[in-house]
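Student: Numbering follows the working numbering, in which position 22 of the sequence shown is assigned residue number 33; successive positions increment by one, without gaps. Backbone N, C-alpha and C fix where the C-beta goes; we use that ideal spot for every residue, glycine too. Predicted model, so just to flag it, every value in this text is computed and none were measured. This is the structure I have questions about; it appears just below.
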Amino acid sequence: MYTAASIHPMLDWLHCSLVLIFALILLWYKDWHVILHSAGWERTAADFEYG
């Protein structure tokens with residue numbers, strides 16, 4: 012049987028992994044948003060229209 016002592020480290024590892032993944036996603040999204048914004052929304056829309 013699993014005891015609280017044996018499950019706890021696994022939960023800590025899972026929690027840390029989820030936090031790290033969430034932080035990476037936020038950083039990636041922020042960088043992607045900055046890249047799109049610096050490229051210019053208007054120019055991007057024109058590229059899509061006149062491609």
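(1) Measure the C-alpha to C-alpha separation of I18 and H26 and round it to an integer number of angstroms.
(2) Determine the direct distance from the alpha carbon of L22 to that of Y40, and round the result to whole angstroms.
(3) Express the C-alpha separation of D42 and A34 in angstroms, rounding to a whole number.
Tutor: Let me spell this out:
(1) Each residue's Cα considered, the two are about 12 angstroms apart.
(2) Going by the C-alpha atoms only, they are around 27 angstroms apart.
(3) Taking C-alpha positions only, A34 is separated from D42 by approximately 12 angstroms.
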